[in-house]
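This report refers to the structure that appears directly beneath it.
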Amino acid sequence: MRYLPLAFDLRGRPCVIVGGGAIATRKARLLRKAEARLIVVAPEVGEELKGLVRESGGQLFQANYRAQFLDSAELVIAATSDSSVNAEVSRDAQARRLPVNAVDAPSLCTFTFPSIVERGSIAIGISSGGAAPVLARGIRAQMEALLSPRLGELAELAARFRDTVKQALPEPARKGFWEWVFSGPVAAEVEAGRAKEGERLLHAALAEPDTRSLNRGEVYLVGGGPGDPDLLTFRALRLMQRADVVLYDRLVSDQVLELVRRDAERIYVGKKKQFHSVPQDDINQRLVDLALEGKKVLRLKGGDPFIFGRGGEEIDKLADAGIPFQVVPGITAASGCASYAGIPLTHRDHAQSVRFITGHLKEGELHLPWRELASPAQTLVFYMGLTGLETICHQLAAHGLPASTPAALVEKGTTREQRVVVGDLDSLPRLAVEKAVEAPALTIVGGVVGLHKKLSWFEP
1 MRYLPLAFDL RGRPCVIVGG GAIATRKARL LRKAEARLIV VAPEVGEELK GLVRESGGQL
61 FQANYRAQFL DSAELVIAAT SDSSVNAEVS RDAQARRLPV NAVDAPSLCT FTFPSIVERG
121 SIAIGISSGG AAPVLARGIR AQMEALLSPR LGELAELAAR FRDTVKQALP EPARKGFWEW
181 VFSGPVAAEV EAGRAKEGER LLHAALAEPD TRSLNRGEVY LVGGGPGDPD LLTFRALRLM
241 QRADVVLYDR LVSDQVLELV RRDAERIYVG KKKQFHSVPQ DDINQRLVDL ALEGKKVLRL
301 KGGDPFIFGR GGEEIDKLAD AGIPFQVVPG ITAASGCASY AGIPLTHRDH AQSVRFITGH
361 LKEGELHLPW RELASPAQTL VFYMGLTGLE TICHQLAAHG LPASTPAALV EKGTTREQRV
421 VVGDLDSLPR LAVEKAVEAP ALTIVGGVVG LHKKLSWFEP
């Protein structure tokens, strides 16, 4: 390790930036986050950079660089487009034993800027010592995905209580208390956007230390999206890594399931036609029972839990039982599959509205408002409609949609097994049989389907 990671307190300290362009402005923004006082030297300076100097209470010298501009500096940045000027700045700074950074010139630097992940007062620097800055930025992107955006709020809460905890607890107990705060229900509440509840729990734990030993469970109702793991939200991924046990559906892809914490218990509760499935009431009760055991329970569903996912029923049961829960939306199948099939759900020339409809047969029938569904200039998306496809196409045609209306089936959308079968209301049921289309498959009806050939981009 050639470069030692350090954290400088630059509040109010004079930092000289030589340069007035875009790169100098980026460095100035960073220094202003640290509340540094900016001294900028350049013949021409952009308006944003001028504003940053004024905001910092610093000085602006619209002039060519001279060594005396470094006389009051505590840190120096050379950010001009002239390599000879940058080299001169570096020499002058080092002669004064000042830390200096020359942009894109590691040999002229005595320090480098890491890629920074910032969460309020929490800052994480990733540095390659100038050897591979693009790699460092890539690692930063991964860290951004893993860390809660509310980590700074948790740090601020801890800062507010630091003196109170110090007075209330002796040193050995104090360390254990903070470990409990940062790994237990207080952190979970803050990260879920319930900072006031987190603060209440912290107060209660200080007043009654025995409450910290209570093993409090929680349920995460998470939408796993249509199949491609890249479509998961950051929060979904974080909670998947935190869970003790996961209850998952048939529509959760293997690739998504692989991202769940390795040692988490896995319980399959999917429903599949003609196979024994776990009744919904039993699933609801299982969630309650596992949470009461003190476990962090991940309820992982395909798509979005609130769109034909029965998520509302599950959290209703949790609310009745007083079990804390979070709901993380996912990309619903209609949006994901249509996008990957090159079928825009709305389009100025074809559809001014879109409707999501369950195509699930009940006692062999579909009771839907067919006349409304047969209205022109809209897109219809049928979930779970493969078995009832012939009925769907027949009823739409019988209630006014032309038999030539474009229609498509998207099988296993967004995954490597995706297939798109395109026809119309007349031909699609026959094509589904000929192509041996299997569930999960989404049915899309409307003029937008005609754009598939031109707009298709995903090639699994």
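If you're matching positions, the sequence shown starts at 1 in the numbering used here and goes up one per residue. We put the CB at the ideal spot given by N, CA and C, even for glycine.
Residue i, DSSP secondary structure in three states
i	result
L431	helix
Y248	strand
K506	Within the shown structure, residues of the chain are numbered from 1 to 460, placing residue 506 beyond reach of any answer.
E118	strand
R261	coil
E411	strand
A398	helix
Y3	coil
L425	coil
P14	strand
V278	coil
I283	helix
F382	strand
P406	strand
H452	helix
K175	helix
Q94	helix
T443	strand
E88	helix
A67	helix
K362	strand
E44	coil
Bounding residues of the beta strand (DSSP E) (the contiguous stretch that carries residue i)
i	result
N101	100 to 102
Q167	Note, Q167: premise wrong, no beta strand (DSSP E); alpha helix (DSSP H) at 151 to 168.
Q462	Residue 462 falls outside the range modelled here, since the chain spans only 1 to 460, and no answer is possible.
I357	354 to 358
Y340	That residue, Y340, is in no beta strand (DSSP E); its alpha helix (DSSP H) goes 333 to 340.
E218	218 to 223
A78	75 to 78
Q326	325 to 328
Own chain partners of residue i with C-beta closer than 6 Å, once the 5 adjacent residues on each side are dropped
i	result
D426	A403
A334	F356, V381
R266	V246
N101	I77, C109, F111
V256	G224, P229
V422	A408, H452
First and last residue of the uninterrupted alpha helix (DSSP H) at residue i
i	result
T110	Note, T110: premise wrong, no alpha helix (DSSP H); not H, not E.
V134	133 to 146
I315	311 to 321
A205	195 to 207
R235	234 to 242
T25	22 to 33
A187	185 to 191
L373	370 to 373
Own chain, CB closer than 7 Å to residue i, minus 5 neighbours either side, in chain order
i	result
V181	A158, A187, L202
E199	L157
V448	I343, P344, L345, H347, H350, A351, T379
T391	L366
A87	L108
L31	L10, C15, L38
E313	Q280, N284
Check whether residue i and residue j have beta carbons under 8 Å apart
i	j	result
K295	G217	yes
L259	P229	yes
I124	G152	no
K50	L38	no
R462	V222	Outside the shown range of the chain, which is 1 to 460, sits residue 462, and nothing can be said about it.
L239	V328	yes
L98	C15	no
L70	D92	yes
V85	Y65	yes
L361	T387	yes
K301	D249	yes
A145	F234	yes
Residue-chain proximity (residue i, chain B), Cβ-Cβ < 8 Å
i	result
G388	Absent from the structure: chain B. Only one protein chain is present.
Nearest-angstrom beta carbon gap, residue j and residue i [assumed within contact, 8 Å]
i	j	result
G413	M384	Not confirmed; about 14 Å, so no contact.
S90	A78	6 Å
V41	V53	Wrong, their Cβ atoms sit about 11 Å apart, outside the cutoff.
A236	G330	7 Å
R2	G176	Incorrect: roughly 38 Å between the Cβ atoms, too far for contact.
T405	P460	Their Cβ separation, rounded to whole angstroms, is 27 Å, which puts T405 and P460 out of contact at 8 Å.
L401	A432	Between A432 and L401 the Cβ distance is about 18 Å, and since that is not below 8 Å, they are no contact.
Sequence-distant residues of its chain with Cβ nearer than 8 Å to residue i (five each side left out)
i	result
S456	A341, G342, V420
I323	G217, E218, V219, L287, V288, A291, L292
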